[in-house]
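Asks:
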Amino acid sequence: MAMQAAKRANIRLPPEVNRILYIRNLPYKITAEEMYDIFGKYGPIRQIRVGNTPETRGTAYVVYEDIFDAKNACDHLSGFNVCNRYLVVLYYNANRAFQKMDTKKKEEQLKILKEKYGINTETK
1 MAMQAAKRAN IRLPPEVNRI LYIRNLPYKI TAEEMYDIFG KYGPIRQIRV GNTPETRGTA
61 YVVYEDIFDA KNACDHLSGF NVCNRYLVVL YYNANRAFQK MDTKKKEEQL KILKEKYGIN
121 TETK
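In case it helps, the UniProt record's numbering puts the sequence shown at residues 1 to 124.
1. TYR36 lies in the beta strand (DSSP E); which residues open and close that run?
2. Buried or exposed for VAL89, please, with buried defined as at least 16 other CB atoms from any protein chain shown within 10 angstroms of its CB.
3. Whole angstroms are fine: how far does the CA of THR103 sit from the CA of LYS111?
4. Please list the terminal residues of the continuous alpha helix (DSSP H) segment that includes LEU77.
5. Would you say the segment 23-37 touches the segment 50-65, given that touching needs at least three Cβ pairs under 8 Å?
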């Protein structure tokens, strides 16, 4: 066990690798327990969040205790077949997750500024 930890200490991971995985293309009926069965084989899991709104159906987040377990799961489960659907497993990227929200906020700010300065870009 100590030997394995020493080997891991010397491994340098790419910057996008983190403990949180974002999974797409899941069957809509999959449960958190089934996710634990699939992803738990690669190491201890801290948390699983399965999307339950119309916008997030078919997606989930899996948080591992160890970054190396997350990397191993991502490497092995990307393209894995679950109920005739091939999983897309990606590393969580906070910048990408908030990009849509930031765009909406910027559009609202732009609208307010246009109204403030009397700029009308709509064609009649």
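Glycine residues also receive a C-beta, built at the ideal position from the N, C-alpha and C atoms.
Replies: Looking at the coordinates:
1. From DSSP, TYR36 is part of no beta strand (DSSP E) but of the alpha helix (DSSP H) over 32-39.
2. With at least 16 other beta carbons inside 10 angstroms of its own, VAL89 counts as buried.
3. Taking the straight line joining both Cα atoms gives about 12 Å.
4. According to the DSSP assignment, LEU77 belongs to the alpha helix (DSSP H) that extends over 67-77.
5. A contact exists between the segment 23-37 and the segment 50-65.
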